[in-house]
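These notes are about the structure you will find just below.
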RNA sequence: GCCAGUGUGGCGAAAUGGCAGACGCACAAGACUUAAAAUCUUGGGACCUUAAACAGUCGUGCGGGUUCGAGUCCCGCCACUGGCACCA
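Residue numbers (my numbering): 73 to 899.
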């Protein structure tokens with residue numbers, strides 16, 4: 073199937089680097105980093121050994137064949153005791169010889185059988201002498217395990233790294249073909265033509281083993297692959313490669329723990345220093361050789377004899393951390409004649425060893441530094457109706473070959489055709505192929521029938537919103553600059569006339585804008601798909617000069633999930649779903665909104681509690697009663713029940729009178745203090761998106777203000793401005809009550825400037841501070857705010873309660889933090 | 001397994017290294033009411049003492065540490081949540 077891909081991998085580096093420039097949660101950034109999965113390492117070219125005689129030569133091996141592997145630990149190259157190709161690796165067919173080499177263990181040959189058996193599964197391993205990793209003298213020195221040793225084939229240094237490249241075709245082509253092999257799941261090894269003789273337990277030839285294994289691996293579903301992940305499987309290909317640093321001949325295996333889609337689809341296996349390789353080596357009795365030791369061991373202690381199972385102790389598990397390199401040609405151990413082409417990294421810490429050996433490999437044309445990413449290119453085609461059609465047409469050239477062309481800009485946007493039937497065609501073509509007229513609308517051309525995935529639209533809707541009616545471009549330059557630009561000023565309030573009663577002009581609210589979308593609030597479910605795709609898309613547009621910032625969302629907050637009342641995720645099957653409509657009917661939009669903000673920190677997951685909605689609903693009730701006259705409210709309620717259709721709703725509402733305690737008088741200092749403490753807290757909490765504590769500050773204000781005999785108009789007015797973002801409906805309603813009662817010429821509440829708090833009003837002359845004795849809280853004392861040390865100490869000692877704790881003891885030390893506390897240390 | 005985050009009353013939660021539990025829910029008692037709802041007032045971490053209160057002891061997942069002082073900082077565990085999962 074021909075599919076469109078977007079080359080997001082080309083942006084991997086930028087997507088990774090620019091995470092440092094945006095204000096997102098650490099966990100979200102980490103998820104993206106992991107998804108991109110950058111790892112630095114080296115590609116190393118291993119020459120495939122050509123073994124003469126004894127029937128092990130391969131039939132179709134090119135004279136100079138190299139297999140390139142990717143490794144993040146080139147410093148462990150000396151410990152590479154075998155090599156693994158993914159079953160789908162392109163070179164497998166070329167390297168497999170006609171016969172098994174002599175003297176190899178049976179377990180290497182795979183296992184024939186029937187039913188669900190996994191090849192060479194754990195319990196069928198022939199006793200290989202050393203099944204316990206810990207056993208002391210079980211050093212699997214390779215002389216025995218690797219049958220054809222001693223043939224030194226000098227690593228050829230003269231071939232250009234690019235030539236004879238063995239890098240398989242990009243991995244993305246593989247999964248598709250893998251999926252298309254439906255037969256024989258779990259069925260390796262399948263009895264059949266590949267089994268030459270009934271009754272054999274192992275494959276007779278490498279070809280048969282490889283073929284059977286490939287079928288086995290390809291037939292595994294994703295689920296099976298993960299479920300069986302713990303149990304390694306694989307077979308020996310019968311071929312060997314030459315380790316370029318020591319000339320060692322190492323067996324080449326295929327195993328599905330090596331992924332075709334990552335790196336080069338081939339690895340050098342270093343069982344002593346990699347968990348997976350260790351597991352695999354243990355299972356198939358492959359040699360394990362330690363070449364890195366933990367930092368702290370003396371290099372002098374290192375020799376072939378006390379290496380594993382010697383003075384240092386046996387290697388009981390793979391050592392995967394960084395350490396000190398210990399093996400090299402100079403050690404004299406396992407050294408083959410390399411004709412002087414040596415790289416000595418003995419004694420070097422990992423980082424240096426990596427650098428040295430990488431440079432050496434590069435110089436010899438045996439490898440190069442490489443960076444790999446887990447991130448795959450983005451499969452961008454869908455075979456559905458619902459999705460944007462591609463503005464692409466297909467034509468044939470003179471020779472009859474298909475080629476594609478983009479539609480000219482003048483034919484954009486391309487709209488999908490109207491269809492009666494949205495199903496794919498009988499021939500398996502996407503639904504758009506049903507629209508024959510549309511398909512062939514352009515003479516001599518056929519339209520592309522794939523559509524774009526859902527993510528396509530979510531990658532740029534925020535740009536379109538800024539200029540939704542533009543029919544000549546996806547977003548106009550001015551709109552883009554205004555809304556998304558780094559220097560644009562986004563808070564522009566039109567139609568708000570200033571008047572003398574307002575304390576500050578509206579423009580004081582203008583702050584330097586966050587570039588891009590001001591604030592993105594969304595769930596973590598989009599962490600690595602939508603949010604990565606949108607960043608990629610935006611970067612492409614940025615590089616093309618269509619948008620002015622390299623990132624779309626500089627500030628992002630993940631709101632926490634709201635669970636059901638039982639603390640479980642809401643779901644229909646659990647029956648714990650809260651329907652917002654019901655809450656809105658019962659308590660109104662203000663209470664609903666307010667409760668969601670009051671529940672707790674925005675980012676936290678927390679359970680819904682309908683009683684909590686009642687709590688904030690009661691708070692709004694108190695706010696209401698702070699402003700209106702309760703008797704008139706009763707009148708309203710009675711009138712409402714008797715209402716006739718002739719009476720307008722507005723007339724009824726007008727029955728509600730303002731609370732008579734509200735007067736246009738100067739506020740007392742205490743009242744001002746209450747107000748300004750509230751302004752301060754709400755302003756700061758709003759900035760930090762701590763809505764829950766902002767609301768509690770307003771509750772504190774109302775609890776106090778409701779007790780005031782006289783309620784100054786100016787104070788209540790300011791309070792409504794604070795309330796407005798949280799409960800806009802009730803705030804606006806009360807605002808208009810104030811407005812009509814006092815006839816102050818102000819426009820809608822929403823256009824009022826945000827109040828500023830006056831720090832001077834919050835200053836206390838006297839404060840209460842705690843007194844501790846030996847660090848334990850004992851009393852509070854009331855002191856002047858600017859009291860000096862001596863005064864504080866005296867006041868503390870004068871406290872009766874403190875006295876009982878210091879009586880008869882000597883004061884050894886006095887710790888005084890002005891305005892905070894006094895601590896008396898007695899002995 | 002790896003990465004990230006979170007552990008505080010009966011519950012949701014507060015707390016620049018300085019009085020743990022603000023604010024709210026649930027609960028209890030009282031006021032108003034024929035009654036209920038609504039509203040208002042008071043109480044409210046545990047333990048111990050007390051008629052009640054005061055006072056006292058303990059208390060922020062567990063174990064150590066730093067500090068005059070730790071929910072907060074450091075080290076080591078445990079549990080839960082989310083993400084990734086043979087990525088060389």
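For each residue, glycine too, the CB sits at the ideal point set by N, CA and C. All figures in this text were calculated on a predicted structure; none of them were measured in a lab.
Name the residue from 720, 782 and 730 whose alpha carbon lies nearest to the alpha carbon of residue 739. 782
Residue 325, enclosing beta strand (DSSP E) - first and last residue: Per DSSP, the continuous beta strand (DSSP E) segment holding residue 325 begins and ends at 321–326.
Identify whether residue 142 lies in helix, strand or coil by the three-state DSSP scheme. strand
Buried or exposed for residue 154, going by 16 or more other Cβ atoms inside 10 Å? The residue in question, residue 154, is buried, as its Cβ has 16 or more Cβ neighbours within 10 Å.
Rounded to whole angstroms, what is the Cα-Cα separation between residue 79 and residue 452? Taking the straight line from one Cα to the other gives about 10 Å.
Are the region 526–533 and the region 464–474 touching by the rule of at least three beta carbon pairs closer than 8 Å? No, they do not touch.
DSSP beta-bridge partners of residue 770: The secondary-structure analysis by DSSP pairs residue 770 with nothing; it has no beta-bridge partner.
Top-ranked residue by Cα proximity to residue 480, from 496, 493, 509 and 514: Comparing Cα positions, the closest option is 514.
Distance between residue 284 and residue 165 (C-alpha atoms, nearest Å): 13 Å
How would you call residue 380, buried or exposed, if buried means at least 16 neighbouring beta carbons within 10 angstroms? A caution first: residue 380 carries a pLDDT of 42, below 50, which makes its placement in the model unreliable, though a value can still be read off. The residue in question, residue 380, is buried, as its Cβ has 16 or more Cβ neighbours within 10 Å.
Let me know the secondary structure DSSP gives residue 542 once reduced to three states. coil
Assess, as a yes-or-no matter, whether the region 116–123 is touched by the region 98–105 under the definition of 3 or more beta carbon pairs within less than 8 Å. no
Under 6 Å Cβ to Cβ from residue 729, same chain only, skipping five residues before and after it: list those, please. 701 and 704
Between the C-alpha atoms of residue 848 and residue 877, what's the straight-line distance to the nearest angstrom? One alpha carbon belongs to residue 848, the other to residue 877, and they sit about 10 Å apart.
Rounded to the nearest angstrom, how far is the Cβ of residue 504 from that of residue 475, given a contact under 8 Å? The pair is not a contact, with the Cβ atoms about 20 Å apart (cut-off 8 Å).
Endpoints, the beta strand (DSSP E) within which residue 851 is located: 848–856
Whose C-alpha, out of 742, 356 and 364, is nearest the C-alpha of residue 176? 356
Can you grab the Cα-Cα spacing for the pair residue 643 / residue 636, in whole Å? Taking the Cα positions, residue 643 is about 8 Å away from residue 636.
N-terminal and C-terminal residue of the beta strand (DSSP E) that residue 462 is part of: Taken as a continuous stretch (DSSP letters only), residue 462 belongs to no beta strand (DSSP E), as it is neither H nor E.
Between the CA atoms of residue 601 and residue 473 - distance to the nearest angstrom: Rounded to whole angstroms, residue 473 to residue 601 spans 36 Å at the Cα level.
Closest to residue 757 by CA distance: which of 279, 727, 797 and 720 is it? 797
To which residues does DSSP link residue 628 through a beta bridge? 592
Go ahead and pull the three-state DSSP assignment for residue 838. Residue state for residue 838 is assigned as strand, using DSSP reduced to three classes.
Mark residue 512 as exposed unless 16 or more other C-beta atoms lie within 10 angstroms of its C-beta, in which case mark it buried. exposed
Is it right to say residue 494 is buried, meaning 16 or more other beta carbons lie within 10 angstroms of its own, or is it exposed? exposed
Separation of residue 333 from residue 658, as counted between CA atoms: One alpha carbon belongs to residue 658, the other to residue 333, and they sit about 55 Å apart.
Alpha carbons only, please: which of 531, 492, 454 and 478 is nearest the one belonging to residue 502? 454
May I have the straight-line CA-CA distance separating residue 35 from residue 621, to the nearest angstrom? With the chain covering 73 to 899 only, the question about residue 35 has no answer from this structure.
Thinking C-alpha only, which one of 180, 500 and 681 is nearest residue 354? 180
Closest to residue 802 by C-alpha separation, out of 685, 748, 140 and 694, would be which residue? Ranked by how close their Cα comes to the Cα of residue 802, the residues 685, 748, 140 and 694 have 694 in first place.
Keeping to the same chain, check which residues put their C-beta closer than 8 Å to that of residue 97; ignore five residues upstream and five downstream. 628, 629, 630 and 675
Look at residue 785 and residue 737 and say whether their C-beta atoms are less than 9 Å apart. yes
What three-state label does DSSP hand residue 436 in the structure shown? Coil at residue 436, not helix or strand.
Helix, strand or coil for residue 829, going by three-state DSSP, please let me know. coil
Reducing DSSP to helix, strand and coil, say where residue 864 ends up. helix
May I have the straight-line CA-CA distance separating residue 772 from residue 587, to the nearest angstrom? Distance between the alpha carbons of residue 772 and residue 587 is about 36 Å.
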